[in-house]
Amino acid sequence: MELKEASISRRNLLRGAATAALLLPFGATLASCAAPGGGGGGGAGTGKVTADNPFGVAANSKVDAVIFDGGYGVDYVESAAKIMEANKKLGGVSVKVSSTQKIATELQPRFVGGNPPDLIDNSGANSIGWNTILSQLETLDDVLDSNNLEGTKISDTLFGGVKAPGTFDGKFVALNYVMTVYGIWYSSSLFEENGWTVPTSWQDLKALGEAAKAKGKYLFLWGQEAATSYQTMVVDSAVIQAGDDVRLPLENLDAKAWSHPAIQGILEILYDLIKSGYVKPGGAGTKFTEAQAQWSLKQEALLYPSGSWIENEMKKQTADNFKMKGFAELPLDGSQTTPKGTMRAEAGEPFIVPSNAKNPAGGKELLRTMLSKESATAFAKAKLAPTIVKDTVPADGFGSTALVSQSELLATAGDNVFTIKSFNLYGMNGDQLPIWNSFLEGKMTVADITAALQGLTDKIREDSSITKIEIK
Amino acid sequence: MTLSTTDGGPGSATAAVISAKAGRRKPLRLGGRKLTFDFVSFLLVFLILPLAIFLIFVIGPFAQAVYYAMTDWTGFSPDMKFVALDNFVRLFKDPTFLRAMGNNIILAVIVPLVTLTIALIFASMITIGGPSGGQVRGLKGSSFYRIVSFFPYVIPAIVIGILWSMIYTPSGLLNGLLGLIGIDTNNFAWLGDENTAMGASIFVIVWGMVGFYMVLFIAAIKGVPAETYEAARLDGAGRFRTTVSITLPLIRDNVQTAYIYIGIMALDAFVYMAALNPVRNPSTVVMSQYLYSTAFEKFQFGLASAMGVVLAVITLLFAAVVFVVNWATGGRKDGGRA
Chain S
-12 MELKEASISR
-2 RNLLRGAATA
8 ALLLPFGATL
18 ASCAAPGGGG
28 GGGAGTGKVT
38 ADNPFGVAAN
48 SKVDAVIFDG
58 GYGVDYVESA
68 AKIMEANKKL
78 GGVSVKVSST
88 QKIATELQPR
98 FVGGNPPDLI
108 DNSGANSIGW
118 NTILSQLETL
128 DDVLDSNNLE
138 GTKISDTLFG
148 GVKAPGTFDG
158 KFVALNYVMT
168 VYGIWYSSSL
178 FEENGWTVPT
188 SWQDLKALGE
198 AAKAKGKYLF
208 LWGQEAATSY
218 QTMVVDSAVI
228 QAGDDVRLPL
238 ENLDAKAWSH
248 PAIQGILEIL
258 YDLIKSGYVK
268 PGGAGTKFTE
278 AQAQWSLKQE
288 ALLYPSGSWI
298 ENEMKKQTAD
308 NFKMKGFAEL
318 PLDGSQTTPK
328 GTMRAEAGEP
338 FIVPSNAKNP
348 AGGKELLRTM
358 LSKESATAFA
368 KAKLAPTIVK
378 DTVPADGFGS
388 TALVSQSELL
398 ATAGDNVFTI
408 KSFNLYGMNG
418 DQLPIWNSFL
428 EGKMTVADIT
438 AALQGLTDKI
448 REDSSITKIE
458 IK
Chain D
74 MTLSTTDGGP
84 GSATAAVISA
94 KAGRRKPLRL
104 GGRKLTFDFV
114 SFLLVFLILP
124 LAIFLIFVIG
134 PFAQAVYYAM
144 TDWTGFSPDM
154 KFVALDNFVR
164 LFKDPTFLRA
174 MGNNIILAVI
184 VPLVTLTIAL
194 IFASMITIGG
204 PSGGQVRGLK
214 GSSFYRIVSF
224 FPYVIPAIVI
234 GILWSMIYTP
244 SGLLNGLLGL
254 IGIDTNNFAW
264 LGDENTAMGA
274 SIFVIVWGMV
284 GFYMVLFIAA
294 IKGVPAETYE
304 AARLDGAGRF
314 RTTVSITLPL
324 IRDNVQTAYI
334 YIGIMALDAF
344 VYMAALNPVR
354 NPSTVVMSQY
364 LYSTAFEKFQ
374 FGLASAMGVV
384 LAVITLLFAA
394 VVFVVNWATG
404 GRKDGGRA
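Listed in order, the protein sequences are those of chains S and D. So that you can map any letter, position 416 of the first sequence is 403 in the working numbering, and since no number is skipped, the others follow by simple counting. Positions in the second sequence are counted from 1; adding 73 to them yields the working numbering.
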């Protein structure tokens, strides 16, 4: 009996404590978490603005850069950081370059706490959504207006259209460093062997598919996580065919965006190719790396739509005699309304400078260093990809056929380049993937996929909690 | 404290002395117990400290998540607007979320049932399923089986996921083996087809989990006196009858605990499902995957927190259902130990 009583009173004590446990943090969090952090900003002060120090980096200040560690690594920023540290005209600065593959997850607490780094490469699958941080970023026009380390005005040294992918609501906030060309890639040696010619519009694909089938090959193949590269191909092709008529409704989430005749015509052809058995089935259950190796190593399919990172990505898994080349995505037919050579080319790897970082001038100075001819050429040579700085790739493309064809495509296109931003902007890729997997597997008709993609677009447009950005 | 500094007269000093004397005369009490140093330090170390840690690191984040669930927080700014229950209303109108919830419920029903049934069968075989003459013992070589079936549990879940996604791939091991025995699967994409993806995923989870619960049940069965089994055998009970009528009722508590553990795992299932089905197809998407993408792809942390709250409530409900079922099927006769 005694024991039992003791246990009851102990239980009462615990009960009281538990009640406190439930009530206390509730009150505390309600009061505190509504506004986590704050403060921060402007820690380093500013130095004197001179021609050699255009942003006024304070002497002996520290620069904190966080770089996405993806296909291009982080060493290119590290070597630019060394150049910057050795730059005597800045009066000695120290640069800390850290790498991560989870930009959003890692930097979230620093943004909320008002203590973001001075320079961020906001790239990769876990990058921070633009509409969430737009108001917290510095505009970077002054970087392009300044002179590079060799003394030329930076904006004069760049490819056309490099500002477009980093401009939101008219504010240029992200400097995309690496030039990416979207195209359809193939083995020129395989084409030569078989006497195939490169298609010039979607109308040519069926014949090529037939020829491929005769050789026991497919025309296209895909992997589950990269199914939307076919969406990229379809959308880009439609923009090449019909220009802003297609692009602007898609970018601004129009209610009829996916019903444009150019998109519909291309989808019909793609559906026909799938139904004719020219697209390798089973992609929905295949990892994209494995699928890409089936194209580059086993050469089971002739063509693969992708960005120009594909060469670097598949470097170790490409057949020996595979001379990789690319051509721009194809118009629907011969009557394209855009100038010949128009293509999707956009600068990728967006670098941003948060406004309330401790040393935003230092972040900009590091960018300026990276845009100097020396750093840009070193990047192109090491990564076999051009930066946004022109004339850094020699005629032999450092021995890479794919890099040569990228340079050729960019030269042909000139200023006629465009980009599609809204899919990434609103984080739509994850929801589009199952739809495209299903379509490529032949389980959806053109009407089905149009309705499904339009449904996604409509859902975002009608969701008032998502900040929309008008794209021009 | 501040009072005594501003009002430093002799009167207040005497008052302090008096109260101190009174304190010495009448020891402070809590619930009829003297507040000795031993008792207070005991409370401090064994109750207040763990409680504080629990409050700060467990209850605190919970409460915070519940609060965030009622805001439109984007995750990257200190500003947020209170939107009350809007997020929950949106969730229950979102077909993808409802689909994900349905898939989680399928997992929570099937995975524990299949895993624990297999685990119980294996455990019985290894402990009492041996020859029907002589001492009650397991099958020949049972210790070997026990070790082998524990292997999958030693491998991290993410590795299991990657391993099996390679086995299931169209040109993978499974189709190859089926081809060897004469079944041409025509490079079937097991995880790519909506009819097989869920079943294939469930198989992987069960494969990874059976070993652990088998070992758990073996330990429980070893706690049952061998005489019980001998008596059952003398009465002519076969292996199946022994398992259902003797083993199961006697290890009821272990089964209930196992059911709740594995159920919680099935309601989460993030690692397995994300590794096996990186594309969020409607037939396999689970709440935790959708939550992750809402937070870190679409940056709707408020909405994602609401999903977390719903997931937590479903988990609690699941545990409650398991308790009720156990009680209703006869657990109460056990003296209410559950």
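Yeah, the Cβ is synthetic: ideal placement off N, Cα and C, and Gly gets one too.
Handout entry: Start and end residues, alpha helix (DSSP H) containing Asp326/D
Key = 325 to 341
Exercise for the section: Pull up the distance between the alpha-carbon of Leu9/S and that of Gly105/D, whole angstroms please. Expected result: Per-residue confidence for Leu9/S stands at a pLDDT of 43, beneath the threshold of 50, marking its modelled position as unreliable; the derived number appears in the next sentence. Taking the straight line joining both Cα atoms gives about 26 angstroms.
Handout entry: Neighbour flag for Pro151/D against chain S, beta carbons, 8 angstroms
Key = yes
Handout entry: Pick from Pro347/S, Thr126/S, Ile54/S, Ala38/S that is closest to Gly153/S, judged by C-alpha positions
Key = Thr126/S
Handout entry: DSSP three-state assignment for Ala332/S, whether helix, strand or coil
Key = strand
Exercise for the section: Would you please verify whether the beta carbon of Lys274/S is less than 8 angstroms from any beta carbon of chain D? Expected result: yes
Handout entry: the region 328 to 343 of chain S / the region 101 to 111 of chain S touching (three or more Cβ pairs under 8 angstroms)
Key = yes
Exercise for the section: Determine the chain S residues that contact Gly148/D at a beta-carbon separation under 9 angstroms, and present them in chain order. Expected result: Residues of chain S passing the Cβ test: Ala91, Gln95, Phe98, Val99, Ile115, Gly116, Thr119.
Practice task
Quickly, what does DSSP pair Thr144/D with across the bridge? List them, please.
Solution key: Phe155/D
Practice task
Have a look at Ala389/S and Ala278/S and give me their C-alpha separation to the nearest angstrom.
Solution key: 20 angstroms
Problem - Sub-8 angstroms separation of Gly234/D and Tyr345/D beta-carbons - result: yes
Handout entry: Spatial distance of Gln190/S from Leu257/S (CA atoms)
Key = 10 angstroms
Handout entry: CB of Val130/S within 8 angstroms of CB of Lys351/S, strictly
Key = yes
Exercise for the section: Name the residue from Leu193/D, Arg219/D, Ile240/D whose alpha carbon lies nearest to the alpha carbon of Leu349/D. Expected result: Ile240/D
Problem - Burial state of Val398/D (16 or more Cβ within 10 Å) - result: exposed
Exercise for the section: Have a look at Phe135/D, Thr242/D, Val283/D and flag the residue whose alpha-carbon is nearest the alpha-carbon of Val187/D. Expected result: Val283/D
Practice task
Give the DSSP bridge partners of Ile407/S, in chain order.
Solution key: Beta-bridge pairing links Ile407/S to no other residue.
Problem - Ser295/S in three-state terms, based on DSSP - result: coil
Handout entry: Inter-residue Cα distance where the pair is Met153/D and Ser451/S
Key = 14 angstroms
Practice task
May I have the straight-line CA-CA distance separating Val168/S from Gly281/D, to the nearest angstrom?
Solution key: 43 angstroms
Practice task
List in chain order: all unbroken alpha helix (DSSP H) runs of 4+ residues lying wholly within the region 53 to 105 of chain S.
Solution key: 62 to 72, 90 to 99
Handout entry: Contact with chain S by Asn354/D, beta-carbon distance below 8 angstroms
Key = For Asn354/D, the answer is yes, since a Cβ of chain S falls inside 8 angstroms of its Cβ.
Practice task
Write down the C-beta distance between Glu137/S and Ser359/S rounded to the nearest angstrom, noting that I regard them as a contact closer than 8 angstroms.
Solution key: 6 angstroms
Practice task
Starting from the beta carbon of Trp263/D, find every residue of chain S whose beta carbon is closer than 7 angstroms, and list them in chain order.
Solution key: Gly272
Exercise for the section: Please confirm if Ile91/D has its CB atom under 8 angstroms from at least one CB of chain S. Expected result: Confidence in Ile91/D is poor, its pLDDT being 46 and thus under 50, which makes the residue's placement too unreliable to answer from.
Exercise for the section: Return the bridge partner residues of Leu124/S from the DSSP annotation. Expected result: Pro341/S
Problem - Closest by C-alpha distance to Ser362/S, when choosing among Ala348/S, Val380/S, Lys408/S, Lys345/S - result: Val380/S
Problem - Three-way DSSP call (helix, strand, coil) for Lys202/S in this model - result: coil
Problem - For Asp307/S, the three-state DSSP class (helix, strand or coil) - result: coil
Handout entry: Residue environment, Pro529/S, which counts as buried when at least 16 other CB atoms sit within 10 Å
Key = Missing from the structure shown is residue 529/S; chain S here goes from -12 to 459 and no further.
Handout entry: Residues that Tyr169/S bridges to, as DSSP identifies them
Key = Gly294/S
Practice task
Kindly list, in the order they appear in chain S, the residues whose Cβ is closer than 9 angstroms to that of Tyr241/D.
Solution key: Gly272
Problem - Endpoints, alpha helix (DSSP H) assigned at Thr184/S - result: Counting along the chain, Thr184/S falls outside any alpha helix (DSSP H), and DSSP gives it neither H nor E.
Handout entry: Exposure of Pro347/S, with buried meaning 16 or more beta-carbon neighbours within 10 Å
Key = buried
Handout entry: Selection from Val233/S, Glu428/S, Glu449/S that minimises the alpha carbon distance to Thr215/S
Key = Glu428/S
Practice task
Take Val99/S as the anchor and find which of Trp146/D, Phe290/D, Leu116/D, Val352/D has the nearest alpha-carbon.
Solution key: Trp146/D
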